[in-house]
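So the sequence lines, in the order shown, correspond to chains A and B. Mapping to the working numbering: the first sequence position 724 is 727, numbers consecutive. Mapping to the working numbering: the second sequence position 93 is 102, numbers consecutive. C-beta atoms are modelled at their ideal positions from N, C-alpha and C, and glycine is treated no differently.
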Amino acid sequence: MQAIEALFPAHNYTLLSLIVLLPLLGAAVNGVFGKRLGKEAVSLLALSVMFIAFALAVVTFFALGHAQEGEQAARFYWKGWEWFHLTRADGSTSTLDVAFSVDALSGTMALIVTGVGFLIHLYSVSYMAEDPGFHRFLTYLNLFIFSMLVLILGDSLPVLFVGWEGVGLCSYLLIGFWFEDEKNAAAGKKAFVTNRIGDFGLLVAMGLLLYYTGGLDWSTIDSGAKNLLTPVQVWPLGSHVPAASLLPQGMENWVNMPRYVSAATLVGLALFLGCAGKSAQLPLYVWLPDAMAGPTPVSALIHAATMVTAGVYLLCRLSFVMVLSPAAMAVVAFTGALTALFAASIAFAQHDIKKVLAYSTVSQLGYMFLGVGVGAFSAGFFHVITHAFFKACMFLGAGSVIHAMHARIHDTDASQDMRNMGGLRKYMPYTFWTFTAAWAAIVGLPLTSGFFSKDEILLKAYTSFIKIPSAALADGTGGSMDVFSWPSWLGTALYAMGLITALMTAFYMTRLYIGTFFGEFKGWKIVKNWQEPAHAHGHDDHGHGHAHHEPGVPLEGPTPHESPWQMWVPLAVLGFLAAFAGFLNAAPLHITPFDSWLEPVFEKASASVQLIEGAEHFELPFLGLAFLSFAGGTGVAYYIYVLQKGKPAQAFVEAMPGFHALVFDKWRVDEIYEEYVIGAVDSLAEFFAWADKWIVDFLLARVTSFLVSTSGTALRFIQTGRVQTYAAVMVLGLGGVGWYFVTPRAEAKLESNDESGVYSLTAPQGLGYSYRWDLNNDGKWDDKEKFGDRTQQSLNLAAKENRTIRLEVKNAFGRSAVRSFNFARPAPDRSGATSRLEGDPGQARRAPEMRQLQKPQEMK
Amino acid sequence: MSSLGYFVEQYVLLAGALFTLGCVGFLVRRNVLVQLMSIELMLNAVNLMLVAFNRQHTADLNGQVFAFFIIAVAAAEVAVGLAIVLAFYRLKSSVQSDEADQLRH
């Protein structure tokens, strides 16, 4: 430990660069040379970079633990280089570095990402072994881990954003991994586009944070966070609402009344929009269920364990910003609870094993946001970790089952349909037992990891709330904006939603568990020593159509097989963790090393979180309620699906077919989005297409080209191709130029100074020019009507005097031109004089205005 | 200057006549060789002007130097011009300039 501290001091912890760059190295080598290297080399490289990264993350974790002894917040920092700097209007600059840092929060997250990531890499090597895109798959996985590590370890929002976009890209690439199928490519696009909406929010939050706190790295945001309590006028957008004057007087005032929120609320809501996109919360959750089109390890790694929790991570990371706005926190908590409830309800009616797991993931993410929203940051983050264990285990278990189903069923939907499974307990013992552990965790069997993490969130949902930031009250700014304070019913509502969700989760997860592993196997008729017809077989969907059997004839097949060790070892590890990781933070047993480990990170935020009075009295009753929800959910599911063989469920579906169809169709949210959101975008696109067609293409392009071609047709008559014609035109042109030069022009530059009354004229020089003037305006030319070479004249005028003078210019050919100029000196300007006295006298003197008083007129 | 028996006007008139002759010749004749000769006439009219006016500024020889330059450039131009005429003749078996109207298209 001492050696590590000496080698890698906290302020220059170069080990971070290694952790981040190793997966990138794997991705680069496998991406470029993967096809030539062969499967063994590709797997070796991908696995070893992951393992080393994991080992280094473990070292970092323990080094952090060592440095954090005595509850001192430890943070290791490594700066790569200066990225760019921004200069603001007031001249101050903010520098942005490509820098990474690790503290208790990001260290734990990095441990999960590299650890679970390594296990899933190992699993993938076997799961994807038959796939022609094997090296591409591992490249993307490595690239994903790299992006995820940049996201977690980045020391500023822009660096985090690079990782944020990177994981989005990898998610897109991996969802559409089998892009030959239109459906998969569409799912990838959907995920990408939905995430873009969230990213917009994150960008807005970045801009606001930069503006208010003066920087984007964590420490600058931290030190400038108090500026976020500034009130910001959000309404009306201009000085008044445009059409408000049409309304009656009282209403107009009400509409035009300026409304303020604190900058922290804006930042919090924008951040939450970003997190809702990435972490699949209402209303942006729609992409995650479709994302299951990707290979199953991807669902486990990206869409259950790591990437989708990035939103929770970001809110935890910026917890000290979030707690400044009770309103934004309430939105986070409420959206989280609502998402949990909503997604759980959809999971009831799904038959696709991966779909159920996907909605369960959305639901569990809702729990995490609920926890973060009520200020229970470490509880929410603990659920991230336990969820990473049990949900990754479930997805990988589902993958193992699908792998077994692929022995005879090659259609994606059929191989993932629970109605084709059943009884797999006997054939796949490892998968069964590990899945059992994960199931126990998610339904909340006491003493498993899910029990502790969920219970903690639910307890905090009821007992804690966010205070109005004391600074806002202290300096009086609170008076000018509506400071939101948490209503007392909110905690109860959140708790109720959470508890109902827990009940529902226990039910549908048990339904999935029983449907897959108990009862009779329904996939095909099992025949001993069955021989496979000669054909290649792959996993998930490869578009094989040949395995479809004749309808009516029962499909025959071999005994379903257990997966190879590369697949069940990760399952075993994750299953173990799912069962026992709860003891890291078992609040009811007062074993909370995890809480105290993260305490320094959330210290600042926790100051704003308050518990209701007598919070400790709720601990035991809530434990009881949590146990009841577990027992109730699983008990009902056991009754319906084991004792009654699913008859009550059948009866329910028959009694309410419309309702069942609605839930089965996921409340038709996709259809609503299709109709209204996508429809609106489509109309906008149609409008722009129209504008493109008729304004750009027609008016700007066609009409212009018509004008050009018409004038071209006209001018083509002149273009004879004969050199004499051109020469004749040239001669004409030269004649014109010559004529211009032999015509004299009587022009003069005037300078007038109303102040002193001195006016002067300067006539331009010309070849062979001679001049005569008539300054006194007596109709006779001065100097006895003779032409001279005097080009400049000046005259003095008294106030209010008017004078017209004339100039005649003659050139060498004896041709002449006459022009007259009129001067008028205005009366002395009194008001101007006073203002000059007040102003800078030098300035007034330096401004002899140049102006022509009268339009020159030709006199010939 | 007239005291020296030298009248610049006469030279100007002569040069103007020569230039007009060349100009009209270039415009109305269709034989490329004649056109080349017309160009030479115009150039020489300019040369004459330069030299004639230079006589009025005895200390300055710019005009005459310029005339030499023009002679040299004209020689080069005739060489190029004749080469073009030759190429043109090979192409069309003619030296009529209105046959050379392909630039129109």
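{"Asked": "Rounded C-alpha distance that separates phenylalanine 826 of chain A from arginine 806 of chain A", "Found": "5 Å"}
{"Asked": "Which of helix, strand or coil DSSP assigns to aspartate 781 of chain A", "Found": "coil"}
{"Asked": "Between the CA atoms of serine 226 of chain A and serine 97 of chain A - distance to the nearest angstrom", "Found": "14 Å"}
{"Asked": "9 Å Cβ cutoff met for alanine 820 of chain A and threonine 713 of chain A", "Found": "no"}
{"Asked": "Contact between the region 351 to 370 of chain A and the region 522 to 529 of chain A (3+ Cβ pairs under 8 Å)", "Found": "no"}
{"Asked": "Members of the region 88 to 110 of chain B that neighbour chain A once the beta carbon cut-off is set at 9 Å", "Found": "Ser106, Asp107, Ala109 and Asp110"}
{"Asked": "Residues that phenylalanine 35 of chain B contacts on chain D, provided the C-beta gap is smaller than 8 Å", "Found": "Absent here is chain D; the protein component of the structure consists of chains A and B."}
{"Asked": "Terminal residues of the alpha helix (DSSP H) in which leucine 341 of chain A lies", "Found": "329 to 350"}
{"Asked": "Buried or exposed by the 16-neighbour rule on C-beta atoms within 10 Å, applied to phenylalanine 662 of chain A", "Found": "exposed"}
{"Asked": "Nearest neighbour of alanine 279 of chain A, chosen from A:Gly201, A:Met4, A:Ala395 and A:Ala407 [CA to CA]", "Found": "A:Gly201"}
{"Asked": "Alanine 102 of chain A, DSSP secondary structure in three states", "Found": "strand"}
{"Asked": "Proximity below 9 Å, CB of glycine 29 of chain A to CB of threonine 309 of chain A", "Found": "no"}
{"Asked": "Sub-9 Å separation of phenylalanine 372 of chain A and alanine 331 of chain A beta-carbons", "Found": "no"}
{"Asked": "Reduced DSSP secondary structure (H/G/I, E/B, other) of alanine 509 of chain A", "Found": "helix"}
{"Asked": "Inter-residue spacing [alpha-carbon to alpha-carbon] between valine 33 of chain B and glutamate 86 of chain B", "Found": "20 Å"}
{"Asked": "DSSP-derived helix/strand/coil call for tyrosine 130 of chain A", "Found": "helix"}
{"Asked": "Proximity winner among A:Trp784, A:Met53, A:Leu211 and A:Leu450, relative to valine 235 of chain A (alpha-carbon distances)", "Found": "A:Leu211"}
{"Asked": "CB contact below 9 Å: glycine 736 of chain A versus chain B", "Found": "no"}
{"Asked": "Of the listed residues A:Gly204, A:Ser222 and A:Leu231, nearest to tyrosine 214 of chain A (C-alpha basis)", "Found": "A:Leu231"}
{"Asked": "Among A:Ala694, A:Asp416 and A:Ala440, nearest to histidine 390 of chain A - alpha-carbon criterion", "Found": "A:Ala440"}
{"Asked": "Chain-order list of residues whose beta-carbon lies under 7 Å from that of valine 604 of chain A (same chain, five-residue window excluded)", "Found": "Ala76, Asp106, Ala107 and Leu108"}
{"Asked": "The region 20 to 33 of chain B in contact with the region 50 to 63 of chain B per 3-pair CB rule at 8 Å", "Found": "yes"}
{"Asked": "Coil, strand or helix - tyrosine 676 of chain A by DSSP", "Found": "helix"}
{"Asked": "Residues near threonine 17 of chain A by beta carbon distance below 7 Å, same chain, minus five either side", "Found": "Phe11 and Trp81"}
{"Asked": "Cβ-based neighbour list, alanine 477 of chain A, same chain, cut-off 7 Å, excluding 5 preceding and 5 following", "Found": "Residue placement at alanine 477 of chain A is poorly supported in this model, since its pLDDT is 49, which falls under 50; the coordinates still yield a value, given next. Closer than 7 Å at Cβ, skipping near neighbours: no residue."}
{"Asked": "Nearest-angstrom Cα separation, counted from valine 699 of chain A out to phenylalanine 393 of chain A", "Found": "56 Å"}
{"Asked": "Where glutamate 750 of chain A falls: helix, strand or coil (DSSP)", "Found": "coil"}
{"Asked": "Check whether alanine 379 of chain A and valine 324 of chain A have beta carbons under 9 Å apart", "Found": "no"}
{"Asked": "Cβ contact (3+ pairs, closer than 8 Å) linking the region 246 to 262 of chain A and the region 191 to 200 of chain A", "Found": "no"}
{"Asked": "Simplified DSSP state of histidine 88 of chain A, which is helix, strand or coil", "Found": "strand"}
{"Asked": "Bridge partner(s) assigned by DSSP for phenylalanine 2 of chain A", "Found": "Residue 2 of chain A is absent from the structure shown; chain A starts at 4 and stops at 863."}
{"Asked": "Spatially closest choice to alanine 505 of chain A from A:Leu344, A:Glu619, A:Ile349 and A:Thr434, by CA coordinates", "Found": "A:Leu344"}
{"Asked": "Straight-line gap, alanine 836 of chain A to leucine 240 of chain A (C-alpha atoms, nearest Å)", "Found": "Interpretation of alanine 836 of chain A is limited by its pLDDT of 43, a score under 50 that renders its predicted location unreliable; the figure taken from the coordinates is listed afterwards. In a straight line, the C-alpha of alanine 836 of chain A is about 44 Å away from that of leucine 240 of chain A."}
{"Asked": "Buried/exposed call for proline 298 of chain A, threshold 16 Cβ in 10 Å", "Found": "buried"}
{"Asked": "With 16 other Cβ atoms within 10 Å as the buried cut-off, status of proline 660 of chain A", "Found": "exposed"}
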